[in-house]
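Take any residue in the sequence shown, count from 1 to its spot, add 27: that is its number in my numbering. Note that CB positions come from ideal geometry on N, CA and C, so glycine has one too.
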Amino acid sequence: MARWVLLISILNLIAIFLLYLNSFIQNNNHYAISIDTYFMSSSIIIFLFSLFCCKRNIILLSMLALVMSVVMNVYNIGVSYEIWIEREQPELATK
């Protein structure tokens with residue numbers, strides 16, 4: 028079971044990194060927040076499975092994926108809010 032959890036943790040981390048890179052390059056997508064929520068929930072589930080394995084490297088890898096997914100969600104919410112401010116209240120826009 029530890030091998031499968033390690034493999035899934037690595038794939039989850041790669042997917043989070045690629046999606047974060049895509050969001051950063053395109054300066055956010057309108058569907059990115061729902062995808063971020065999916066990655067946060069999957070990272071939590073993988074973290075719980077890694078706790079059952081009791082292997083330190085798997086736990087650290089799944090914690091890294093969880094932290095990256097939370098940071099990605101906060102980043103995309105911030106960019107979405109900035110775009111909304113520019114569209115709805117242009118006098119408050121910083122650009």
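- [ ] Just confirm the distance between the C-beta atoms of V32 and F76, as a whole number of angstroms; I'd bet it's less than 8 Å.
- [x] Against the sequence shown, residue 32 aligns to sequence position 5. Against the sequence shown, residue 76 aligns to sequence position 49. Yes, they are in contact, since the Cβ atoms of V32 and F76 sit about 5 Å apart, within 8 Å.
- [ ] Just tell me which of M95, I112, S68, R114 has its CA closest to the CA of I43.
- [x] The residue labelled residue 43 in the question sits at position 16 within the sequence shown. The shortest C-alpha separation from I43 is found at M95.
Task: Q53 - containing alpha helix (DSSP H), residue span - done: Mapped onto the sequence shown, residue 53 falls at position 26. First-last of the alpha helix (DSSP H) with Q53: 29 to 53.
- [ ] Check each candidate in L87, N49, Q53 and name the one with the smallest Cα separation from S36.
- [x] Residue 36 sits at position 9 when you count from the first residue of the sequence shown. Residue L87 is the option with its Cα nearest to S36.
TODO: Please classify C80: does DSSP put it in a helix, a strand, or coil?
DONE: Numbered from 1 along the sequence shown, position 53 holds the residue referred to as residue 80. The answer is helix: DSSP assigns C80 an H, G or I state.
Task: Minimum C-alpha distance to N39 - residue among I72, F51, Y108, Q53 - done: Residue 39 sits at position 12 when you count from the first residue of the sequence shown. For N39, the nearest C-alpha among the options comes from I72.
Task: Buried or exposed by the 16-neighbour rule on C-beta atoms within 10 Å, applied to M99 - done: In the sequence shown, counting from the first residue as 1, residue 99 sits at position 72. That one is buried.
Task: Identity of the residue in L46, W111, L93 nearest S68 by Cα - done: Here residue 68 refers to the residue found at position 41 when the sequence shown is read from its first residue. Per the Cα distances, L93.
- [ ] Please list, in chain order, all residues of the same chain as L91 whose beta carbon is under 8 Å from its beta carbon, the five residues on each side excluded.
- [x] Here the question's residue 91 lines up with position 64 in the sequence shown. Around L91: L40.
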